[in-house]
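J.: Using UniProt numbering, you'd call the opening residue of the sequence shown number 1 and step up by one each time.
Virtual Cβ for every residue (Gly too), placed ideally from N, Cα, C.
All values derive from a computational prediction rather than experimental measurement.
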Amino acid sequence: MSLDLHADAPPDGRRPRPAPAESRRRLSLTRLDLKYSPYLYVLPFFVLFAVFSAYPIGYTVWIALTERSPMNPTISFVGLDNFVELFTNDPQFWNAVYNTFGMFALSTVPQLLIALMLANALNRRLPAQTFFRMAIAMPIITSTAVVALIFSMIYAREFGLANWALDLVGIDPIDWRANRYASWFAISTMVDWRWIGYNALIYLAAMQSISKDMYEAASLDGASRRRQFWSITIPQLRPTIIFTLIISTIGGLQLFTEPLLFTSGAGAISGGSEGQFQTITMYLLDVMNTRFRWGYAGAVALVLFLLIAFMSVVNYLLARRISSDK
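Given below as structure tokens:
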């Protein structure tokens, strides 16, 4: 006599229903998954943000209210004294602010205007169009050190290409590193050469997303290319223009590598013999690594953060106002 160990299937061929307790458990797990899984998906971002952004900002705020130095292990709380000294008794800081905003204006405005015109030209049908679109991206992938070395040779006082060109038209050579405004111009051209292509590619991508029907309708109405550019392209590019303005503002006010590599020697961080092209970030590093005043450097960093936030908001409001008026 043999025993059949397998249970017989139900007559209708369907599986038996799970017990009510098991159904409730599965339903509860499903609800928990739907409720909490979105938070688990975004948790890695908040962990990274807390470690690499929130904590450094909080630590900077705290250290800016203290007097701390690696030469002295004692940390003394000074409140707002660092900020009071920064605003009322530090002409070198205001010199750095003046230099930073000067180079920011000289580099950002031409940079975005040229990028916009270049993108508009590349948006048309041109011979070797792919080559030109790839060529404008080359400065982006070029090392900043290489760019600084090349431009340092161009703006050399004795045998530089810039002074050679000035000599051809009868202008005396310029000491590009000793003169404040000449050094601003030289560093700004370096920044523009690196980032015009980047902004042009962003504008070009935005232009290609604009519907062609709008241009065809404008052509049928007799609108010229120039009229189409100002009446169709610019309004459609408003979000992109605001984005590039904010990004350029952040980069311009944090300008560091180009002016640092524009000169050489142990005093490069001072931005020239008289600080004629020292930026805020260079001054911050000078305070932290030369004077060893970490608390004071924290105050400089916070002021720079507030300046960037303020200028970004101003640029956003101006760009929005100009676009809405047009």
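Going along the chain, which residues of its own chain have a beta-carbon closer than 6 Å to the beta-carbon of residue 341, five neighbours each way excluded?
T.: Residue 341 falls outside the range modelled here, since the chain spans only 1 to 326, and no answer is possible.
J.: If you reduce the DSSP assignment to three classes, tell me which class PHE45 lands in.
T.: For the purposes of this step, residue 45 is taken as the residue at position 45 of the sequence shown. Helix, per DSSP.
J.: Should THR130 be labelled buried (16 or more other beta-carbon atoms within 10 Å of its own) or exposed?
T.: For this step, residue 130 is matched to residue 130 along the sequence shown. The residue is exposed, with fewer than 16 neighbouring Cβ atoms inside 10 Å.
J.: For a test of the three-state rule: what should DSSP assign to LEU307, helix, strand or coil?
T.: Taking the first residue of the sequence shown as 1, we reach residue 307 at position 307. Of the three classes helix, strand and coil, the one that applies to LEU307 here is helix, per DSSP.
J.: In whole angstroms, what is the alpha-carbon distance linking PHE101 and ALA115?
T.: Within the sequence shown, residue 101 is the residue found at index 101, counting from 1. Within the sequence shown, residue 115 is the residue found at index 115, counting from 1. Whole-angstrom Cα-Cα distance: 21 Å.
J.: Jot down the residue ranges of each uninterrupted alpha helix (DSSP H) in the region 176-210, minimum 4 residues, whole runs only, in chain order.
T.: 180-208
J.: Using 10 angstroms around the beta-carbon of GLY197, count the other beta-carbons present and answer buried if the total reaches 16, otherwise exposed.
T.: Stepping through the sequence shown from its first residue, residue 197 is reached at position 197. Taking all protein chains shown into account, GLY197 has 16 or more neighbouring C-beta atoms within 10 Å of its C-beta and is therefore buried.
J.: From the DSSP output, which residues share a beta bridge with SER273?
T.: Counting from one through the sequence shown, the residue named residue 273 turns up at place 273. The partner list for SER273 (beta bridge, DSSP) is empty, contrary to what the question assumes.
J.: Hey, quick one: how far does the beta strand (DSSP E) through PRO73 stretch, first residue to last?
T.: The residue given as residue 73 occupies position 73 in the sequence shown. Taken as a continuous stretch (DSSP letters only), the beta strand (DSSP E) holding PRO73 covers 72-77.
J.: Give me the DSSP bridge partner(s) of THR66.
T.: Residue mapping note: residue 66 aligns to position 66 of the sequence shown, counting from 1. DSSP lists PHE77 as partners of THR66.
J.: In this structure, does DSSP put GLU216 in helix, strand or coil?
T.: Residue 216 sits at position 216 when you count from the first residue of the sequence shown. Note: GLU216 maps to helix in three-state DSSP.
J.: Could you name the residues of the same chain whose beta carbon sits closer than 7 Å to that of ASN199, not counting the 5 residues immediately before and after it, in chain order?
T.: Numbered from 1 along the sequence shown, position 199 holds the residue referred to as residue 199. Correct list, in chain order: GLN111, LEU112, ALA115 and THR244.
J.: Assess contact between the region 255-269 and the region 124-139, defined as three or more Cβ pairs (one per stretch) separated by less than 8 Å. Is contact present?
T.: no
J.: With a cut-off of 8 Å on the beta carbons, I'd call LEU253 and ILE308 a contact; round off their distance for me.
T.: For this step, residue 253 is matched to residue 253 along the sequence shown. For this step, residue 308 is matched to residue 308 along the sequence shown. Their Cβ separation, rounded to whole angstroms, is 5 Å, which keeps LEU253 and ILE308 in contact under 8 Å.
J.: Do ALA297 and VAL287 have their beta-carbon atoms positioned less than 8 Å apart in this structure?
T.: As a working mapping, residue 287 is identified with position 287 in the sequence shown. As a working mapping, residue 297 is identified with position 297 in the sequence shown. In contact: VAL287 and ALA297 (Cβ atoms closer than 8 Å).
J.: Taking ASN95 and GLY295 to be in contact with their CB atoms under 8 Å, please state how far apart those CB atoms are, rounded to whole angstroms.
T.: Within the sequence shown, residue 95 is the residue found at index 95, counting from 1. Within the sequence shown, residue 295 is the residue found at index 295, counting from 1. Actually they do not touch by this definition, with Cβ atoms about 21 Å apart.
J.: Where does the unbroken alpha helix (DSSP H) through GLY252 begin, and where does it stop?
T.: Indexing the sequence shown from 1 puts residue 252 at position 252. Per DSSP, GLY252 belongs to the alpha helix (DSSP H) from 238-253.
J.: Should the region 178-191 be regarded as contacting the region 222-229, the criterion being three or more beta carbon pairs within less than 8 Å?
T.: no
J.: Under the rule that 16 or more other beta-carbon atoms within 10 Å means buried, what is TRP164, buried or exposed?
T.: Here residue 164 refers to the residue found at position 164 when the sequence shown is read from its first residue. By the 10 Å Cβ count, TRP164 comes out exposed.
J.: Please check the pair ALA178 and LEU261, which I expect to be a contact at CB under 8 Å, by giving their CB distance rounded to whole angstroms.
T.: The sequence position of residue 178 within the sequence shown is 178, counting from 1. The sequence position of residue 261 within the sequence shown is 261, counting from 1. Their Cβ separation, rounded to whole angstroms, is 17 Å, which puts ALA178 and LEU261 out of contact at 8 Å.
J.: Using only alpha-carbon positions, find the residue among ILE232, PHE93 and TRP195 that is nearest to SER211.
T.: If you number the sequence shown from 1, residue 211 lands on position 211. The shortest C-alpha separation from SER211 is found at ILE232.
J.: Starting from PRO110 and walking both ways along the alpha helix (DSSP H), at which residues does that stretch end?
T.: For this step, residue 110 is matched to residue 110 along the sequence shown. Element bounds for PRO110: 91-122.
J.: How far does the alpha helix (DSSP H) with VAL146 in it extend, from its first residue to its last?
T.: Stepping through the sequence shown from its first residue, residue 146 is reached at position 146. From DSSP, the alpha helix (DSSP H) with VAL146 extends over 144-154.
J.: Starting from the Cα of ALA301, find the closest Cα among TYR55, THR60 and LEU48 and give me that residue.
T.: Sequence index remark: in the sequence shown, residue 301 carries index 301 (1-based). In terms of Cα proximity to ALA301, the closest of TYR55, THR60 and LEU48 is THR60.
J.: By the DSSP assignment, the alpha helix (DSSP H) with VAL169 in it spans what residues?
T.: Translated into positions along the sequence shown, residue 169 becomes position 169. No alpha helix (DSSP H) holds VAL169; DSSP gives it neither H nor E.
J.: May I ask which residues mark the beginning and end of the alpha helix (DSSP H) holding THR233?
T.: What you label residue 233 is simply residue 233 of the sequence shown in a count that begins at 1. Run containing THR233: none; DSSP gives neither H nor E here.
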